[in-house]
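Below is one structure; the comments refer to it alone.
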Amino acid sequence: MKYFFAGILVPASAVIPVCVALGRRQQLAARHWILFVYLIITLLGNILARYLAQHGIRNTPLFHLHTIVEMVLFSFFFRTLFRAQIIRTVIIGIAIVFSIYCVVNFIFLQSIYSFNSYTRSIEAIILILFCVMYWWKGATAADDSSWVAIADNWAVSGILFYFSSALFLFIFSNYLLQHVSKQANVLVWNIHAAIVLLMYLLLTVTFLKSKR
42 MKYFFAGILV PASAVIPVCV ALGRRQQLAA RHWILFVYLI ITLLGNILAR YLAQHGIRNT
102 PLFHLHTIVE MVLFSFFFRT LFRAQIIRTV IIGIAIVFSI YCVVNFIFLQ SIYSFNSYTR
162 SIEAIILILF CVMYWWKGAT AADDSSWVAI ADNWAVSGIL FYFSSALFLF IFSNYLLQHV
222 SKQANVLVWN IHAAIVLLMY LLLTVTFLKS KR
């Protein structure tokens, strides 16, 4: 039962925003389908990871692959939020370079069978910077729109909250796994799961507010 929250409940909660997006598919803005694809891939990845774990197969290679897919999808989402071509080009360039680094990381630096703390940490920093850029440049909606009415504000808030909260966990994850008690690790990863759950809920609001 101690693994129920982080191992079953929170991963399954991705169904909530997915169902909301499908229910509002006629109203959903094109860029928000990128977030939908991210959630579907995450949901399927969690199912596969659990299946592998239950059959005694190490699932850490999925984390390495998921990091690349997650970064690429979020980069394409952020690209749609900026009008300046230079910013849009830089974002995609960063995603490409990061993806190459991920491959280099699991070949030469961190085994594909260990948690990819280097790439997860760098990904978090990059996406935090993308979020800061969004707030600095301002939302793409009209100036007379209230903050809560802008769907992208909710999505960016969810992404920012998750990656800023999880950054230090990513940095020290391998240390925690090796030097901290099992009970402490369960607590830490349950906190991480709660952060993920909040991001899913904020993405749900994004889909509820989304307009073509």
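Going by this note's numbering, the sequence shown opens with residue 42, and the numbers climb by one from there.
All residues carry an ideal CB built from backbone N, CA and C; glycine is no exception.
Query                                                                                                                                                : Result
Hey, is the region 200-209 in contact with the region 132-152, meaning 3+ C-beta pairs nearer than 8 angstroms?                                      : no
State the Cα-Cα distance for the pair L242 and I191, rounded to the nearest angstrom.                                                                : 15 angstroms
Helix, strand or coil: how does DSSP classify T121 here?                                                                                             : coil
Out of N87, T160 and V229, point me to the one whose CA is closest to I141's CA.                                                                     : T160
Give the single residue among S222, I128, F213 and L208 whose Cα lies nearest to the Cα of W177.                                                     : I128
Taking contact to mean at least 3 C-beta pairs separated by less than 8 angstroms, is the region 102-111 in contact with the region 65-73?           : no
Using 10 angstroms around the beta-carbon of V59, count the other beta-carbons present and answer buried if the total reaches 16, otherwise exposed. : buried
Could you tell me which of R124, V61 and S214 sits nearest to F248, measuring between CA atoms?                                                      : V61
With H, G and I counted as helix, E and B as strand and the rest as coil, what does DSSP make of V221?                                               : coil
Among the residues of its own chain, which have a CB less than 6 angstroms from the CB of Y79, if the five just before and after it don't count?     : L114
Do the CB positions of M112 and A136 come within less than 7 angstroms of each other?                                                                : yes
Would you kindly work out how many angstroms separate the C-alpha atoms of N231 and F139, rounded to a whole number?                                 : 28 angstroms
Round the Cβ separation of Y44 and L122 to the nearest angstrom and send it over; I've been treating them as touching at under 8 angstroms.          : Between L122 and Y44 the Cβ distance is about 36 angstroms, and since that is not below 8 angstroms, they are no contact.
To which residues of the same chain is A196 closer than 8 angstroms at the C-beta, ignoring the five residues directly before and after it?          : H73, L76, F118, L243, L244 and T247
Whole angstroms are fine: how far does the CA of I133 sit from the CA of I163?                                                                       : 16 angstroms
If N215 sits next to F156, beta carbons under 8 angstroms apart, how far is it from one beta carbon to the other, in whole angstroms?                : 6 angstroms
Indicate whether V173 and V51 have their beta-carbon atoms separated by less than 7 angstroms.                                                       : no
DSSP on F139, reduced to helix/strand/coil?                                                                                                          : helix
Nearest by alpha-carbon distance to S116: which of I167, T83 and V144 is it?                                                                         : I167
Among A165, Q67, S158 and V56, whose alpha-carbon lies nearest the alpha-carbon of L85?                                                              : V56
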